[in-house]
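Following this note's numbering, the residues of the sequence shown are numbered contiguously, the last one being 253.
Note sheet for the following structure.
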Amino acid sequence: MSAAVITGLVMLTTTLPAHAQYPSALGTPTTYSAGKPLWGTLQNVPGMGATEFTYVGPTMGSTIEAYYASQHIGDLKAMAKKARVLLRQQLDERCGGDAKACKAMVAFDIDETLFNNYTYWANESPPFSLDDTNWTTYVENCEASVNGPIRAFYRLAKDKGVKVAVITGRPVTQTAITQDCLREKGINGWTDFTAKPVDDTASASVFKAQARKALEQKGYTILVSVGDQISDMAGGHLGGGIWLPNPIYFIP
Ligand SMILES: [Mg+2]
2 MSAAVITGLV MLTTTLPAHA QYPSALGTPT TYSAGKPLWG TLQNVPGMGA
52 TEFTYVGPTM GSTIEAYYAS QHIGDLKAMA KKARVLLRQQ LDERCGGDAK
102 ACKAMVAFDI DETLFNNYTY WANESPPFSL DDTNWTTYVE NCEASVNGPI
152 RAFYRLAKDK GVKVAVITGR PVTQTAITQD CLREKGINGW TDFTAKPVDD
202 TASASVFKAQ ARKALEQKGY TILVSVGDQI SDMAGGHLGG GIWLPNPIYF
252 IP
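Next comes the structure, spelled out in structure tokens:
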């Protein structure tokens with residue numbers, strides 16, 4: 002694997018094999034359970050100890066444009082395939098093949114997971130940077146496109162009798178608009194929907210792990226967590242993680 006360091010961010014220039022496994026340990030071992038297998042492709046992340054939301058900015062714009070034009074959909078398809086294998090393995094190993102018996106569940110993130118916000122980021126000024134006002138307008142107008150292979154996996158999980166949870170870092174104040182947008186994009190039938198309380202100052206990794214823990218305490222067995230951030234699958238309370246490509250931004 003070769004890596005180029007540009008403006009303090011590391012861009013993996015070679016797609017990692019789909020079976021590569023990553024440790025999920027972030028933070029201290031007492032807070033995060035280590036050793037859950039993750040599968041991923043391309044990321045563009047600052048140091049893993051980063052504590053701030055980070056976006057890549059315009060410097061790498063042409064690289065990102067080329068990635069989305071040529072490789073992104075293929076990576077999504079590869080990860081969706083891996084997700085199907087992982088779900089089948091987890092159903093067998095943890096539920097005896099019976100989704101109902103263990104209240105099997107898969108957790109999905111929204112942004113850069115079910116939704117693809119490339120056009121927002123590419124059209125921002127400067128490109129690949131965040132403007133909170135513009136982003137809010139974009140969300141309210143439901144301008145996202147869908148990551149088709151991930152929506153297909155969402156539907157497949159439901160077809161297998163697996164419950165679906167949506168866990169998003171979007172604020173609870175955007176719950177109604179976000180749920181309407183999901184339905185508009187053909188994504189529906191979730192069993193649980195968790196958005197971030199506006200007064201919750203915890204990191205995404207802590208918030209999402211707590212959300213999964215709360216679901217486990219309701220009796221669900223979370224077999225797979227699907228997201229584009231390591232914070233979608235850090236902190237345990239999952240069988241395995243499907244880490245989707247996001248070369249644009251990082252959320253701790
Ligand atoms: Mg996301």
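Yeah, the Cβ is synthetic: ideal placement off N, Cα and C, and Gly gets one too.
Please classify Pro30: is it buried, with 16 or more other beta-carbons within 10 angstroms of its beta-carbon, or exposed?
Confidence at Pro30 is low in this model, with a pLDDT of 26, below 50, so the placement of that residue should be treated as unreliable; the coordinate-derived value is given next. Exposed, by the Cβ-count rule.
With three or more C-beta pairs closer than 8 Å as the rule, is the region 84–103 touching the region 191–209?
At 8 Å Cβ cutoff, the stretches do not touch.
Contacts around Thr8, its chain only, beta-carbon distance under 6 Å, and the 5 residues preceding and following it disregarded
The pLDDT assigned to Thr8 is 31, lower than 50, so where the model puts this residue is not dependable; a value taken from the coordinates is nonetheless given after this. Closer than 6 Å at Cβ, skipping near neighbours: Thr60.
Continuous alpha helix (DSSP H) stretch holding Met80: start and end:
Per DSSP, the continuous alpha helix (DSSP H) segment holding Met80 begins and ends at 73–96.
Using a 10 Å radius around the Cβ and a threshold of 16 neighbouring Cβ atoms, would you call Ser71 buried or exposed?
Ser71 counts as exposed, since fewer than 16 other beta carbons sit within 10 angstroms of its beta carbon.
Taking the beta strand (DSSP E) that Asp112 belongs to, which residues open and close that run?
Where Asp112 is concerned, there is no enclosing beta strand (DSSP E), given that its DSSP letter is neither H nor E.
Would Ile151 be called buried (16 or more neighbouring beta carbons within 10 Å of its own) or exposed?
The residue in question, Ile151, is buried, as its Cβ has 16 or more Cβ neighbours within 10 Å.
In angstroms with no decimal places, state the Cα-to-Cα distance between Ile65 and Ala102.
Across the structure, Ile65 and Ala102 are spaced so that their CA atoms are roughly 43 Å apart.
In chain order, each alpha helix (DSSP H) run of at least 4 residues that lies wholly inside the region 129–174
The DSSP assignment places complete alpha helix (DSSP H) segments of no fewer than 4 residues inside the region 129–174 at 133–141, 149–160, in order along the chain.
Grouping DSSP H, G and I as helix and E and B as strand, with all else coil, what is Leu224?
In the structure shown, the three-state DSSP call for Leu224 is strand.
With which residues is Ala105 paired in a DSSP beta bridge?
Paired residues: Thr222.
Is Gln1 near ligand 1, judged by its Cβ being under 8 Å from some heavy atom?
Not covered by the structure: residue 1. The range shown for the chain is 2 to 253.
Taking the alpha helix (DSSP H) that Asp193 falls in, what are its first and last residues?
Per DSSP, Asp193 belongs to no alpha helix (DSSP H); it is in the beta strand (DSSP E), 193–197.
With Glu185 as the anchor, note down where its alpha helix (DSSP H) starts and where it stops.
DSSP places Glu185 inside the alpha helix (DSSP H), whose first and last residues are 176–185.
Flag Thr114 as yes if its beta-carbon sits less than 9 Å from any beta-carbon of chain C, otherwise no.
Given the protein chain composition of this structure (a single chain), no chain C is represented.
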